[in-house]
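In this note's numbering, the protein residues as written are 269 to 591.
Okay, so here's the structure we're looking at.
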């Protein structure tokens with residue numbers, strides 16, 4: 269998507285198109301019906317090769333046929349359908365909604381009340397006991413059975429028991445919620461350390477009575493996840509220590525997504541400070557070069573995520589409204 273975005277600035281000839289399917293690397297070359305435990309309802313890889321790739325090459329390489337590609341074509345997960353867009357990210361009928369962190373682990377579209385002044389949730393992050401990015405045992409990426417190709421679809425319930433993962437979720441949705449475009453997390457947070465990682469995950473929690481596939485009842489599917497390293501809070505070119513216990517606003521931009529949170533599902537957000545070994549461990553004490561950090565540089569830190577009326581951590585969701 270980033271390549272498309274950069275090329276689009278110079279696409280005077282209107283020959284820059286975007287196609288996004290529900291695959292891992294090279295997955296479009298197979299059937300594309302499933303990835304991990306998630307069923308997409310049709311052979312998306314076969315559809316892509318027959319209806320998109322072959323006509324594209326025939327038109328541009330052989331001068332045959334016609335081309336009817338939209339500016340962007342995405343596979344909308346949740347509803348499992350191909351969607352045509354006249355721009356990416358979509359602009360028409362898109363409204364940005366804020367999903368706020370609330371007390372008692374709740375998420376809501378209403379901002380925190382004035383009575384929540386100074387409110388926060390906290391956890392202790394320990395680099396010696398990092399949160400894994402997938403269930404243990406975590407095998408080397410290229411080893412047999414590593415699960416690398418499907419780790420983003422792991423059921424996130426494997427971290428439910430951990431005290432160093434904060435969780436908020438909505439009530440069951442009363443109707444479908446279509447999220448299409450670029451998501452942003454605005455996190456107001458503080459650490460007792462002088463450096464810190466902030467990992468935010470947006471999760472689709474399946475209904476317990478998921479009728480399409482009962483085995484997926486309660487499944488927690490990560491829709492987006494990314495990390496911000498605190499040392500870059502002012503500049504990516506000039507890292508600097510974080511002032512301990514200072515509340516900073518971290519803006520975390522996720523890659524684009526096109527997903528439907530179905531009626532009866534819940535939206536969940538998780539925040540943590542380790543994601544090992546996907547992300548190298550932060551010592552949580554500022555050192556000039558983390559790769560050269562010594563064992564003595566690694567320290568526990570108390571992390572606070574604020575959900576007050578003045579420091580309201582939230583997720584910006586580009587939601588599609590009916591015409």
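Note that beta-carbon positions come from the ideal geometry of N, C-alpha and C, so glycine has one too.
A quick note: this is a predicted structure, and the numbers were derived from the prediction, not measured.
Residues of its chain near residue 547, where Cβ-Cβ distance is below 6 Å and the 5 sequence neighbours each way are ignored: Counting from one through the chain shown, the residue named residue 547 turns up at place 279. Here the set comprises 495.
Extent of the continuous beta strand (DSSP E) to which residue 391 belongs: The residue given as residue 391 occupies position 123 in the chain shown. Where residue 391 is concerned, the enclosing beta strand (DSSP E) stretches over 388-393.
Extent of the continuous beta strand (DSSP E) run through residue 519: The sequence position of residue 519 within the chain shown is 251, counting from 1. Counting along the chain, the unbroken beta strand (DSSP E) around residue 519 starts and ends at 516-521.
Beta-carbon gap between residue 351 and residue 345 smaller than 8 Å: Walking along the chain shown from the start, residue 351 turns up at place 83. Walking along the chain shown from the start, residue 345 turns up at place 77. Not closer than 8 Å, so no.
Beta-carbon spacing of residue 399, residue 427 below 8 Å: Position 131 of the chain shown, counted from the first residue, corresponds to residue 399. Position 159 of the chain shown, counted from the first residue, corresponds to residue 427. Result yes, Cβ atoms of residue 399 and residue 427 sit closer than 8 Å.
Classification of residue 370 by the beta-carbon crowding that lies within 10 angstroms, buried from 16 upward: Counted from its first residue, the chain shown places residue 370 at position 102. It counts as buried.
Those residues which DSSP pairs with residue 368 across a bridge: Locating residue 368 in the chain shown gives position 100, counting from the first residue. Note: residue 368 sits in a beta bridge opposite 376 and 582.
Straight-line Cα distance separating residue 563 from residue 448: In the chain shown, the residue the question calls residue 448 occupies position 180. In the chain shown, the residue the question calls residue 563 occupies position 295. Using only the alpha carbons, I get a separation of about 43 Å.
8 Å Cβ cutoff met for residue 445 and residue 528: Stepping through the chain shown from its first residue, residue 445 is reached at position 177. Stepping through the chain shown from its first residue, residue 528 is reached at position 260. Yes. Within cutoff.
Counted within 10 angstroms of its Cβ, other Cβ atoms place residue 308 as buried (16 or more) or exposed: Within the chain shown, numbered from 1, the residue matching residue 308 stands at position 40. Label assigned to residue 308: buried.
Close Cβ partners of residue 292 (< 6 Å) along its chain, the five nearest in sequence each way excluded: Here residue 292 refers to the residue found at position 24 of the chain shown. Correct list, in chain order: 417.
Residue 469: first and last residue of the uninterrupted alpha helix (DSSP H) it sits in: In the chain shown, counting from the first residue as 1, residue 469 sits at position 201. Taken as a continuous stretch (DSSP letters only), residue 469 belongs to no alpha helix (DSSP H), being part of the beta strand (DSSP E) at 465-473.
Counterpart residues of residue 529 in DSSP-defined beta bridges: Here residue 529 refers to the residue found at position 261 of the chain shown. 445.
Other residues of its chain near residue 415: CB distance less than 7 Å, five sequence neighbours each side excluded: As a working note, residue 415 is residue 147 in the chain shown. Cβ within range, chain order: 402.
Cα-Cα separation between residue 348 and residue 315, rounded to whole angstroms: Sequence index remark: in the chain shown, residue 348 carries index 80 (1-based). Sequence index remark: in the chain shown, residue 315 carries index 47 (1-based). Between residue 348 and residue 315, the C-alpha separation is close to 13 Å.
Secondary structure of residue 565, DSSP reduced to three states: Working through the chain shown from its first residue, we reach residue 565 at position 297. In the structure shown, residue 565 sits in a helix (DSSP, three-state: H, G or I).
C-alpha distance - residue 487 paired with residue 559, whole-angstrom precision: Within the chain shown, numbered from 1, the residue matching residue 487 stands at position 219. Within the chain shown, numbered from 1, the residue matching residue 559 stands at position 291. For residue 487 and residue 559, the distance between alpha carbons rounds to 36 Å.
Own chain partners of residue 306 with C-beta closer than 6 Å, once the 5 adjacent residues on each side are dropped: Position 38 of the chain shown holds residue 306. The answer, listed in chain order, is 421.
Start and end residues, alpha helix (DSSP H) containing residue 314: Position 46 of the chain shown holds residue 314. Element bounds for residue 314: 312-316.
Coil, strand or helix - residue 547 by DSSP: As a first step, residue 547 must be located in the chain shown, where it is residue number 279. Here residue 547 sits in coil by DSSP.
Option nearest residue 358 by Cα separation, candidates 586, 590 and 591: Here residue 358 refers to the residue found at position 90 of the chain shown. Among 586, 590 and 591, the Cα nearest to that of residue 358 belongs to 586.
The region 506-513 contacting the region 448-461, beta-carbon criterion three pairs below 8 Å: Yes, they touch.
Beta-carbon proximity of residue 553 to residue 471, cut-off 8 Å: If you number the chain shown from 1, residue 553 lands on position 285. If you number the chain shown from 1, residue 471 lands on position 203. No, the Cβ-Cβ distance between residue 553 and residue 471 is not below 8 Å.
Contact check, residue 649 vs residue 580, beta carbons under 8 Å: Residue 649 lies beyond the stretch modelled for the chain, which goes from 269 to 591, so this question has no answer here.
Residue 480 (DSSP reduced to helix, strand or coil): As a first step, residue 480 is located in the chain shown; it is residue number 212 there, counting from the start. Residue 480 falls in the coil class under three-state DSSP.
Distance between residue 298 and residue 387 (C-alpha atoms, nearest Å): One-based indexing of the chain shown puts residue 387 at position 119. One-based indexing of the chain shown puts residue 298 at position 30. Cα to Cα, the separation comes out at about 49 Å.
Of the residues 556, 534, 493 and 517, the one placed nearest residue 506, counting alpha carbons only: For the purposes of this step, residue 506 is taken as the residue at position 238 of the chain shown. When only C-alpha atoms are compared, the closest one is 556.
Bridge partners - residue 435, DSSP secondary structure assignment: On the chain shown, position 167 is the one that residue 435 refers to. DSSP lists 538 as partners of residue 435.
Of the listed residues 394, 430, 320 and 485, nearest to residue 550 (C-alpha basis): Counting from 1 along the chain shown, the entry for residue 550 is found at position 282. For residue 550, the nearest C-alpha among the options comes from 394.
Rounded C-alpha distance that separates residue 303 from residue 567: The residue you call residue 303 lines up with position 35 of the chain shown. The residue you call residue 567 lines up with position 299 of the chain shown. Straight-line Cα distance between these residues: approximately 38 Å.
Same chain, Cβ closer than 6 Å to residue 500, five either side skipped, listed in chain order: As a working mapping, residue 500 is identified with position 232 in the chain shown. Excluding residues within five positions, the ones whose Cβ falls inside 6 Å are 507.
Beta-carbon proximity check, residue 356 vs residue 524, cutoff 8 Å: Position 88 of the chain shown, counted from the start, is the residue given in the question as residue 356. Position 256 of the chain shown, counted from the start, is the residue given in the question as residue 524. Cβ distance < 8 Å, so residue 356 and residue 524 count as in contact.
Of the residues 331, 503, 583 and 463, the one placed nearest residue 565, counting alpha carbons only: Taking the chain shown and counting its residues from 1, one reaches residue 565 at position 297. Looking at the Cα atoms, 463 is the closest of the given residues.
Beta-carbon gap between residue 531 and residue 476 smaller than 8 Å: Numbered from its first residue, the chain shown carries residue 531 at position 263. Numbered from its first residue, the chain shown carries residue 476 at position 208. The answer is no: Cβ separation not under 8 Å.
Residue 349 - partner residues in DSSP beta bridges: Residue mapping note: residue 349 aligns to position 81 of the chain shown, counting from 1. 344, per the DSSP bridge assignment.
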